[in-house]
Amino acid sequence: MSTALFDATQVGQLRLANRIVMAPLTRNRAPDAVPNALMAVYYTQRASAGLIISEATAISHQGQGYADVPGLYGTEQLDGWKRITHAVHQAGGKMVVQLWHVGRVSHHSLQPLGQAPVAPSALRAQAKTVLIREGRAEFVETSTPRALLAEELPALVHSYQVAARNAVETAGFDGVEIHAANGYLLDQFMKDGSNHRRDDYGGRIAHRCRLSLEVTRAVADAIGGERCGIRLAPVTTSNDAHDSDPQALFNHLVQGLATLNLAYVHVVEGVTGGAREVPGQAFDYAELKLHYRQAGGRGAWMVNNGYDLAMAEKALANGADLVAFGRPFIANPDLVRRLKEGAALNPLDKATIYGGAAPGYTDYPALA
Ligand code: 8OZ
Numbered sequence: 032m033s034t035a036l037f038d039a040t041q042v043g044q045l046r047l048a049n050r051i052v053m054a055p056l057t058r059n060r061a062p063d064a065v066p067n068a069l070m071a072v073y074y075t076q077r078a079s080a081g082l083i084i085s086e087a088t089a090i091s092h093q094g095q096g097y098a099d100v101p102g103l104y105g106t107e108q109l110d111g112w113k114r115i116t117h118a119v120h121q122a123g124g125k126m127v128v129q130l131w132h133v134g135r136v137s138h139h140s141l142q143p144l145g146q147a148p149v150a151p152s153a154l155r156a157q158a159k160t161v162l163i164r165e166g167r168a169e170f171v172e173t174s175t176p177r178a179l180l181a182e183e184l185p186a187l188v189h190s191y192q193v194a195a196r197n198a199v200e201t202a203g204f205d206g207v208e209i210h211a212a213n214g215y216l217l218d219q220f221m222k223d224g225s226n227h228r229r230d231d232y233g234g235r236i237a238h239r240c241r242l243s244l245e246v247t248r249a250v251a252d253a254i255g256g257e258r259c260g261i262r263l264a265p266v267t268t269s270n271d272a273h274d275s276d277p278q279a280l281f282n283h284l285v286q287g288l289a290t291l292n293l294a295y296v297h298v299v300e301g302v303t304g305g306a307r308e309v310p311g312q313a314f315d316y317a318e319l320k321l322h323y324r325q326a327g328g329r330g331a332w333m334v335n336n337g338y339d340l341a342m343a344e345k346a347l348a349n350g351a352d353l354v355a356f357g358r359p360f361i362a363n364p365d366l367v368r369r370l371k372e373g374a375a376l377n378p379l380d381k382a383t384i385y386g387g388a389a390p391g392y393t394d395y396p397a398l399a
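Convert by adding 31 to the 1-based position in the sequence shown; the result is the number in the numbering used here.
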């Protein structure tokens, strides 16, 4: 069987071999936040994806929220990523890095000088993060954050810009994806459950979207919009994310994104990694896409969350351009081939998703 899913496509600056995207997946295998050789093996095994989006990667020490997740703000980190992107390119793949600032989803012990994490408002997330204590992963409550001062935001925007430039110019990525989903910093600013500010970055929807739009514009200015995507999760409950009117909020946001000439908009439908329907939170994704297109947005529309082959084909038929697969890519390095041939998929071992070494990471078999 052959459908558009397996056909090459142009996405912004990127020529992709197919429309199947490896979703960003946190795996906690980067001790000291430095990308390593094992990660190069893992990503290279998955290079037949049309596009690989890296696991979420901290743009600064302040952006860190979990043990053993990578960054891209130090020389060693950029060198580590460079080896990974080189290996992926050698294998014929394309790869962008997901730019991540966790905001309040952190613990003071992960922060510079053990300080409080930062957030739009000093409201603690009802969420946990992961620390490594005495060599073992441990779930702990996030720390109470301090509210960022408006005067600090230009430097914050700049830190995204620097990370994007380094990602492309030094680390060899084909582009970046701005992580504006899942209850992290940019999502915290957008949603009124976490943003109680009374300045130009809080209150009405246009103000709450301001930081995400400033960051995206700054990144697009630095590396070109056609190398830049953004990930959104309008109704996810991840990390205590909640908003009183997500449809109006995200309709506004995508209208702002429409003028930035982005490569793609990546939308998590429902609860990230969970239910596609959220009780009491009806959301019309077609309406969202229409707002983007009517405002002139021409980027690829990437859908995500619990897709299988049949759902993916239906999504393309309904006007999506790219389909991101998450957990199936953990267990199936050759997912593209398996989908194309209708082969069975390896089952996922949930115990080895977060942390550890090669088992459950680089030892899932490909077809012979
Ligand atoms: C799972 C565990 C830790 C972080 C996300 C970056 O949800 C994550 C994440 C996922 O976007």
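Glycine is no exception: its CB is placed at the ideal position from the N, C-alpha and C atoms.
If you're wondering where the values come from, they're calculated on a predicted model, not measured in any experiment.
For W131, DSSP records a beta bridge to A89. For the options V199, V266, P62, the alpha carbon positioned closest to that of Y316 is the one of V266. In terms of CA proximity to A61, A89 leads the group L319, A89, T160. Straight-line measurement puts the Cα of S225 at about 7 Å from the Cα of S152. In this structure, V119 lies away from A198, with their beta-carbon atoms at least 7 Å apart. Note on the segment 58-121: whole alpha helix (DSSP H) runs with a minimum of 4 residues are 68-76, 106-121, in chain order. Counting the other Cβ atoms within 10 Å of the Cβ of T116 gives 16 or more, which makes it buried. K125 is classed as buried because its beta carbon has at least 16 other beta carbons within 10 Å across all chains shown. Inclusion of G145 and H138 in the CB contact set at 7 Å is not warranted, their separation being larger than that value. Counting only residues of its own chain and dropping the five nearest sequence neighbours on each side, A195 has a CB closer than 6 Å to the CB of V207, V250, A253, I254.
When the five nearest sequence neighbours on each side are left out, the beta carbons in the same chain lying within less than 6 Å of the beta carbon of A48 are those of A39, G81, in order along the chain.
The beta carbon of E86 lies closer than 8 Å to those of P55, L56, T57, R58, V100, P101, Q129 in the same chain, with the five residues before and after it left out. The nearest non-hydrogen atom of ligand 1 is 6 Å or more from the C-beta of T268. In this model, A326 and G256 are separated by some 16 Å (Cα to Cα). DSSP places K345 inside the alpha helix (DSSP H), whose first and last residues are 340-348. Taking the Cβ of T393 as the reference point, every heavy atom of ligand 1 lies at 6 Å or farther away.
Following the DSSP letters along the chain, one finds G123 in no beta strand (DSSP E), marked with neither H nor E. Between the segment 156-167 and the segment 267-274 there are three or more inter-stretch CB-CB distances shorter than 8 Å, so the stretches are counted as touching.
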